[in-house]
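Just so we're aligned: the sequence shown equals residues -21 to -1, 1 to 122 in mature numbering (1 follows the signal peptide of the UniProt record, and there is no 0). Heads up, the beta-carbon is just placed ideally off N, CA and C, and yes, glycines get one too.
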Amino acid sequence: MKRRIFLGVLFCLTVGLTACSKDDPQASLEAAVQQLQDQIEARDTGAVMDLLDAKFRAQDEHDADWARKTMTLMFLRYAQVKVIAVSRSSRIDPPGSPIGLTEAQVVVTGAQGLIPERVTPYAVTLEWRRDGDNWKLYDLKWE
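Here it is as structure tokens:
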């Protein structure tokens, strides 16, 4: 009897863990957004560049090389960079497609993370493209 209960519990755990490990595009999109924020705060230009799509663009006029140069200058200027997401929401649009959208209100700080670059948050829109199992940042816009 105990053996049957043990096997039943083991089976349920196995099925439960398998279900949790299935690819969840929404969860992986949210993880990519968090990874981007973490890598910026870690001042890791290479890791951030790995998250950019080959056709990345910002504000409809800048490319990945511009992003790399801008990050390098920002990281040299500030010993600590903090990205504070006042609000953030991500969705796959339309559901089931390889396109993800993140809208956020963010504050960027420098000077040891204490002084915001500006008082009002930036309104940021990030468009992601699914590349295999990974999300890559395709387009970045801010106001």
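Beta-carbon within less than 6 Å of L15's beta-carbon, same chain only, minus the 5 sequence neighbours each way: which residues are those? L30
Helix, strand or coil for S76 per DSSP? coil
Which term fits L52, buried or exposed, when burial requires 16 or more other beta carbons within 10 angstroms of its beta carbon? exposed
Could you pull out every unbroken alpha helix (DSSP H) segment of at least 4 residues lying fully inside the stretch 1 to 33, listed in chain order? 4 to 20, 24 to 29
Specify whether the stretch 65 to 77 and the stretch 43 to 50 touch according to this definition: at least 3 beta carbon pairs, one from each stretch, less than 8 Å apart. no
From the DSSP output, in three-state form, read off A58 for me. coil
Secondary structure at R47, three-state DSSP: helix, strand or coil? helix
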